[in-house]
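Only one structure is covered here, and it is reproduced in the block below.
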Amino acid sequence: MRLSFQLSLAALLLAAGLLLSFAKNPKLPADPFTASPAEAAWVDSVYNSLTPEQRLGQLFMVAAYSNKEKAHADRIERLVRNQTIGGVMFLQGGPKRQALMTNRLQAAAKVPLLIAMDAEWGLDMRLDSSAHFAKQMTLGAMDDPKYVYQMGRDIARKMRALGVHISFAPVIDVNSNPGNPVIGNRSFGEDQEHVAKLGIQYIRGLQENGVMAVAKHFPGHGDTDTDSHVALPVISTDMAKLTKVDLVPFQQSFEAGVMGVMVAHLYMPLFDTTDAKTTTLSRALVTDLLKDKMGFKGLVFTDALNMRSVSKLYNDGELDAMALAAGNDVLLFSEDVPAALRRIQEAVVAGRLRQEDLDLRIRKILRAKYWAGLAKYQPVTVATMRDSLNLPASKVLAQEIFEHAVTVVKNDDQLLPFQRLDTLRIAAITIGTPAEGPYATIFNKYQPGPVYAVPNRYADDSTFVRIAGRLQGYNVVVVSLHAMNNTPSHSYGLGDGALKFLKQLQANRGFKTVVVAMGNAYGLKFLEDARTLVCGYEDHYAAQLVVPQVLFGALPARGKLPVTVSPTMKVTAGIATPALGRLRYAVPESQGLSSRVLAQIDNIALESQTYAAAPGCQVLVAKNGTVVFDQSYGYCTYDQSQPVTSSTLYDLASVTKVAGTLQAVMYLKDQGKLVLENKVAAYLPELARTNKREMTIRDVLLHQAGLKPGIPTWERTINSNGLKPTFYASIRSDDFPNEVAPGEYSTKAADDSVWAWTMRSGLLPKTRGKYPTEYSDLSFIVMKRVCEKILKRPIEDFLQDNFYRPLGLGSMTYNPLQRFPKSCIAPTEKDTYYRREQLQGTVHDQTAALVGGVGGHAGLFATANDLAVLMQMNLQNGRYGGSRFFQSPVVTEFARPQGAGSRRGLGWDHSDPSKPTGPTSNLSPASTFGHTGFTGTCVWMDPDNQILYIFLSNRVYPDAGNNKLRQYNIRTRIHEVIYKSLAANKTKG
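In my numbering, the protein residues as written are 7 to 995.
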């Protein structure tokens, strides 16, 4: 093909127009490669050591894959050795394989290679098992540009660890065409100033951390509806739009010092009217506009020369020579380097290329190598590379990005964030993702409703009809759309059946529908009818983690649309919603703990199973209201037939005292209905004629009222033949309503009998006129009676209505078999002396079982997460989820140690200062409060450091005499790890 380099009349007019445009800004960008004597000496030395042909090889950067066969690596190495190519652009593969291949190629190079990657949203754009941050549309939605810089910085550090020097990022195209199939969510948005601002942050993050940024795709690829990988897009822009919109981010990035720019494969008649001539080959664009008029002095890269939109038009090597003639510096992805070298040499001889121009470009490439540190090249340290690529801080950043990007686009019914969960019956439907994904997992942390999963986003109508039939009784339905794509012509991956189903839901006046799009914001145009609409931008793990937290108000909504979707959803649309103080979920480093140290919990939990201290357990750690560790270990039984999951319910035993009865006590105190200094007899007159007439509420809560640790209760109801028929029946009836165990029911008078025995029980002897502090279950049997007398209702009903349901605690309950199948509940003891069966779902404590499963001291079951919600509300002094459960700082008052050297608060427990070891870590402060439970449970809260720790197990399975949990100090050692984790991160910081 005959090469023509004549400018058209249009191009000449363009050049004149651009001269006037850029004359207004006489200050052209500086040379991004700072000259120095050392640099000049190295560049001269290397340049002079090469033959003319070897120098030309420096202009080429070829594609390499670390996941291909050996023959591919051998071919690339031959190009390095024989053609002295200047660099390699890595595409698909894995980190270790790429590092090994990099070292191999660098060892073969006469001049160290520039290594480049496309890593716009993280290394996982090209490499498996690598970090994903966010696509640029997501970044454009954020309310704070600093996270763009931080992302660039993190990517740069990972690239350097991998031996990479150049990132083909950021994309600074202004995406002004919603139908753009190739840029779309790769752009920061449609506003040129916004794109420029974020692009510069990304560039700084890369270059200030040792990686050359390459802004792309010059002069702007945002206004096209054709994929340049397939066909040559035509952009019929005018001069005004080009200068006022598309070129703005590029000009500002040049002024900010970007070191590289990539020229797009476009057909722009404004520059060159030659039929189907790509901008990559246009001297009017590359030299006259980019270099001369805009003053760019960095490296100019072609877009990939193997793109079929341009490569199919030319013979081998012709495209490379034409690209150099246009003014490009680096030939990216050349398909035939030897042929291209011949074509370049022919063009020099023919006068179509000037050798002195090529020499200047070769020296510029060598200067870039000097800047990248290749004058003192060091191979990749493969042994330590993995740690550098998998820093926990990267996960923190990825989540923070989505925390600032997720956008509430519509909130017409003022439904978000969800608040009074006891008034909402929520069903969730996920389309395009399995039920066990992170979105559904986090969603269920906040409410007990079902999650109906439709993994196939193109499911037929019958699937949606079945789900619709299950929505009776719910007043809110949340539909999340997953696995969306970026193809406008395919409705961004939204199936026709799913869209039809959404319309049917929105037409149903029986409930309100919330629509969540976990994908490209342009796809929202198909969701125009939604009254409540949320955009998550991507279906990445971090996005799935964040969106449910925004829905429930654990996190505020901060994002704004970076593009116009429709006339009703325009750029910058976004409704700010508040944070309600609910538990959040994130990685430990987000709250200043070390995940590496916390991983030691795994070993301790495994030890507890190995030594048969407990068959399994749940461990949860929260810091500053954020759950940073939530793991389930082992099995429900030693036969390993049923794994423990986060949904497994455990018998809380004496943790019931603080999670149940004490909540009611603090509520009554807060309401002024209970006075701590009052005698208990003031509320329970029947005590006035007993030995307990003088004890006060305060003394009872401090376990210093003289009450014995325990008294015979259930023992009075059995004889040598088993259960006494006066107390039990095998059939439930009005007279025997209390299920003690499946098939055994106690008398309705059981609670009154236990109370009568409590009233008649003796007291401990006084010492120096005072009762000793002696932990007693009777204290909470008394307090339950007091509460029910004041409340005039059963304590379990009060707690459900005023605490558990409003908090969304779906698992926290007495008598769980009334609501859950036995398989959901960890078994406790194999009872051989009272109920004479394996206990599973009925309370282990015998006195609580006798009175129907609801004791003041025992009876509650829950998961670690639900217990954490309740305890976090206490740690926040009654504030949670936008509600105030206590109006005064009553929790602080009750949790405070009530005497010098005492381990007792008002109902709450502390470490024992008189002993070297105790139930809490010695590293925890004296303010730490909580409780333990006989079945192998504990909860500890540290108000100084805002740390919450929960451990649930069934150590009493199958024998309550098993004391190995205490013997091996499992719970306390895990508590210790938490504080070591905190200290380790502080030391590191």
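Even for Gly, the Cβ is constructed at its ideal location relative to N, Cα and C.
In this structure, the beta-carbon distance from Ala346 to Asp322 falls below 9 Å.
If the five residues before and after Arg210 are omitted, its C-beta is found closer than 8 Å to the C-beta atoms of Tyr155, Gly158 and Ala262, all from its own chain and listed in chain order.
Closest in C-alpha terms to Leu693, from the list Asp37, Asp342 and Arg766, comes Arg766.
Taking 9 Å as the cut-off, the beta carbon of Thr439 is found no closer than this to the beta carbon of Gln555. Annotation for Tyr53: the continuous alpha helix (DSSP H) segment containing it runs Pro43 to Ser55. Each of Trp914, Gly205, Ser920 and Arg110 was checked against the Cα of Pro151, and the nearest Cα belongs to Gly205. Per DSSP, the unbroken beta strand (DSSP E) holding Tyr639 starts and ends at Thr632 to Gly640. DSSP, reduced to helix, strand and coil, places Gly858 outside both helices and strands of the structure shown, so it counts as coil. If you draw a 10 Å sphere on the C-beta of Asn727, you find fewer than 16 other C-beta atoms in it, and that means exposed. Contact between Gly565 and Val412 holds: their C-beta atoms lie close to 5 Å from each other, under 8 Å.
In this structure, the beta-carbon distance from Met818 to Leu881 does not fall below 9 Å. Look at Ala122 here: in three-state DSSP terms it is strand. If you draw a 10 Å sphere on the C-beta of Arg588, you find 16 or more other C-beta atoms in it, and that means buried. Gln624 is bridged by DSSP to Ser638 and Leu958. Out of Arg103, Gln98 and Ala36, the CA that lies nearest to the CA of Leu133 is found in Gln98. Secondary structure of Ser759 (DSSP, three-state): helix. Thr696 sits in coil when the DSSP states are folded into three classes, being neither helix nor strand.
With a beta-carbon spacing of about 14 Å, Asp197 and Val571 fall beyond the 8 Å limit used to define contacts. Beta-bridge pairing by DSSP links Thr943 to Gly939. Between the segment 791-801 and the segment 840-850, the count of Cβ pairs shorter than 8 Å is below three; the stretches do not touch. Per DSSP, Met877 lies in no beta strand (DSSP E) segment; the continuous alpha helix (DSSP H) that holds it begins and ends at Ala870 to Leu881. Assignment of alpha helix (DSSP H) within the segment 56-101, counting only whole runs of 4 or more residues, yields 58-63 and 76-89 in chain order. With a 10 Å radius around the Cβ and a threshold of 16 neighbouring Cβ atoms, Pro822 comes out buried. Distance from the Cα of Ala670 is smallest, within the candidate group Lys370, Arg590 and Gln806, for Gln806. Contact between the segment 901-912 and the segment 702-714 is present: three or more C-beta pairs spanning the two stretches fall below 8 Å. In summary, Gln646 is exposed, with fewer than 16 beta-carbon neighbours lying within 10 Å of its beta-carbon over all protein chains present.
Its chain contains His850, Asp851, Ala864, Gly939, Phe940, Thr941 and Thr943 as the residues whose beta carbon lies nearer than 7 Å to that of Ala659, once the 5 sequence neighbours on both sides are disregarded; these appear in chain order. When the Cα atoms are used, Arg426 and Lys714 turn out to be separated by approximately 41 Å. Residue burial annotation: Ile737 is exposed, with fewer than 16 other C-beta atoms found within 10 angstroms of its C-beta.
DSSP, read as helix, strand or coil, puts Ser193 in coil. Following the DSSP letters along the chain, one finds Met131 in no beta strand (DSSP E), marked with neither H nor E. DSSP places Val471 within a helical segment (H, G or I) once states are collapsed to three. Residue nearest to Tyr781 within the set Ile717, Ile831, Ser193 and Gln142 is Ile717 (criterion: CA-CA distance). Note on geometry: alpha-carbon atoms of Lys102 and Ile121 lie some 15 Å from one another. Under DSSP, Met268 takes part in a beta bridge, and its partners are Phe307. For secondary structure counted as the beta strand (DSSP E) over 3 or more consecutive residues, the segment 709-780 holds these complete runs in sequence order: 744-747 and 750-752.
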